[in-house]
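*Asks:*
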Amino acid sequence: MPLKNPIYAAIDTVDLAQAARLIQRIAAGPVPAVGGIKLGLEFFLAHGAPGVRYAFPEPVRMTGVGFFLDLKLHDIPNTVAGGVRAVAALEPTYITIHAGGGAAMLKAAVDEAALQAAKLGLKRPKLLGVTVLTSLDDSDLRAAGVNETAADQARRLALLAREGGLDGVICSPQEIATLRAACGPDFLLVTPGIRPAGAAAGDQKRVMTPREAMRAGATALVVGRPITEAKDPRAAAEAIAHEADLGDKIRVQVGA
Ligand code: C5P
1094 MPLKNPIYAA IDTVDLAQAA RLIQRIAAGP VPAVGGIKLG LEFFLAHGAP
1144 GVRYAFPEPV RMTGVGFFLD LKLHDIPNTV AGGVRAVAAL EPTYITIHAG
1194 GGAAMLKAAV DEAALQAAKL GLKRPKLLGV TVLTSLDDSD LRAAGVNETA
1244 ADQARRLALL AREGGLDGVI CSPQEIATLR AACGPDFLLV TPGIRPAGAA
1294 AGDQKRVMTP REAMRAGATA LVVGRPITEA KDPRAAAEAI AHEADLGDKI
1344 RVQVGA
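This note's numbering puts the first residue of the sequence shown at 1094, with every later residue one more than the last.
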């Protein structure tokens, strides 16, 4: 089912008060400006579960905004299952795990997510596989003994993730079309590297606009600095969601 607002705002800071302020500003009701909030490794290592509950409190969650917990888990199956168990009560919509961690690790994560959801009476978190980090190129892969191009390796890992029962993957905007074709219409493709037309790319090299990414077949878009560093983060998020929505409408027409 397409998300109503496909924008997940990446709140990349260790400043707890700043994170709480930003989240309140963009995600509070009655109509949140974003579809969800992404908190990652740096925030979680600094503040853990209590920090999540403080910065992203129940009244904000109640508006229906999603929660993307981007921890990129990668360890032996038992430890990854333990990680999934440890965060289940936070009710993440999405949890990330490295798709290259092996079939047993993927299965352990999938089984544990289902088990904990049933035990706690919560919706099962969706598991997204990390394929090839966009910071790696073909020569980095070769140095690590992988003789595929980054694009081919991303496709291979996305298919492995799908076989392993994951709900989708994180991918670069450039990979959306290929992975959509390879993995089918229901596989979730969540993509960072999004910049509204005319915005600064920063350290992102291969970017797409929200409209282009939705047209290419993305499920959800992760947007950080264009929202968090805007003078008015709420207005910026609304403008990006509007642009993404237009892309989605065009995609539907194209596919009809
Ligand atoms: O500020 P910006 O929009 O570039 O933020 C993008 C977000 O997506 C950050 O949280 C970053 O860690 C994350 N991300 C990324 N590239 C990946 C995976 C995650 O930019 N390949």
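We put the beta carbon where it would ideally sit given N, CA and C, even for glycine. In this text the structure is predicted, and so the values were computed from the model without any measurement.
Quick check: the stretch 1164 to 1180 against the stretch 1096 to 1106, are at least 3 beta-carbon pairs closer than 8 Å?
*Replies:* They do not touch, by the three-pair rule.
*Asks:* Could you work out which residue in Glu-1256, Arg-1255, Val-1225 and Ala-1254 is closest to Glu-1241 when comparing CA atoms only?
*Replies:* Cα-wise, what sits closest to Glu-1241 is Val-1225.
*Asks:* Closer than 6 Å to a non-hydrogen atom of ligand 1 - does that hold for the CB of Thr-1302?
*Replies:* Result no, Cβ not under 6 Å from ligand 1.
*Asks:* Rounded to whole angstroms, how far is the Cβ of Leu-1221 from the Cβ of Asp-1279, which I believe are closer than 8 Å?
*Replies:* Rounded, the Cβ-Cβ distance is 14 Å, inconsistent with contact.
*Asks:* Does the beta-carbon of Pro-1095 have 16 or more other beta-carbons within 10 angstroms, so that it is buried, or is it exposed?
*Replies:* Legend: pLDDT at Pro-1095 = 48, less than 50; position of this residue unreliable, value from coordinates given subsequently. Classification for Pro-1095: exposed.
*Asks:* Comparing alpha-carbon positions, which option in Pro-1319, Arg-1288 and Ala-1247 lies nearest Ala-1270?
*Replies:* Measuring from the Cα of Ala-1270, the nearest candidate turns out to be Ala-1247.
*Asks:* In angstroms, rounded to a whole number, what distance separates the CA positions of Ala-1196 and Gly-1257?
*Replies:* Each residue's alpha carbon lies about 6 Å from the other.
*Asks:* Measuring only between beta-carbons, confirm whether Asp-1108 sits less than 7 Å from chain D.
*Replies:* Among the chains in the structure shown there is no chain D, since it carries only a single protein chain.
*Asks:* Taking Ala-1201 and Val-1158 to be in contact with their CB atoms under 8 Å, please state how far apart those CB atoms are, rounded to whole angstroms.
*Replies:* That pair is no contact at about 29 Å.
*Asks:* On the three-state DSSP scale, how would you describe Ala-1313?
*Replies:* Ala-1313: strand per DSSP, three-state reduction.
*Asks:* When the Cα atoms are used, what is the spatial distance from Gly-1176 to Leu-1253?
*Replies:* For Gly-1176 and Leu-1253, the distance between alpha carbons rounds to 21 Å.
*Asks:* Could you name the residues of the same chain whose beta carbon sits closer than 7 Å to that of Leu-1213, not counting the 5 residues immediately before and after it, in chain order?
*Replies:* Closer than 7 Å at the Cβ level, and outside the excluded window around Leu-1213, lie Ala-1181 and Ala-1182.
*Asks:* Report yes if the C-beta distance between Thr-1312 and Leu-1281 is below 7 Å; otherwise report no.
*Replies:* Contact flag set, yes.
*Asks:* Under 8 Å, with one C-beta from each stretch per pair, do the stretch 1113 to 1131 and the stretch 1293 to 1310 reach the 3-pair mark?
*Replies:* Touching, no.
*Asks:* Which residues share a DSSP beta bridge with Gly-1353?
*Replies:* The structure shown does not extend to residue 1353, since the chain is modelled only from 1094 to 1349, so the question has no answer here.
*Asks:* Consult DSSP for Lys-1212 and reduce its assignment to one of helix, strand or coil.
*Replies:* Reduced to three states, the DSSP call for Lys-1212 is helix.
*Asks:* In whole angstroms, give me the CA-to-CA distance for Pro-1123 and Pro-1218.
*Replies:* If you take the alpha carbons of Pro-1123 and Pro-1218, they lie about 24 Å apart.
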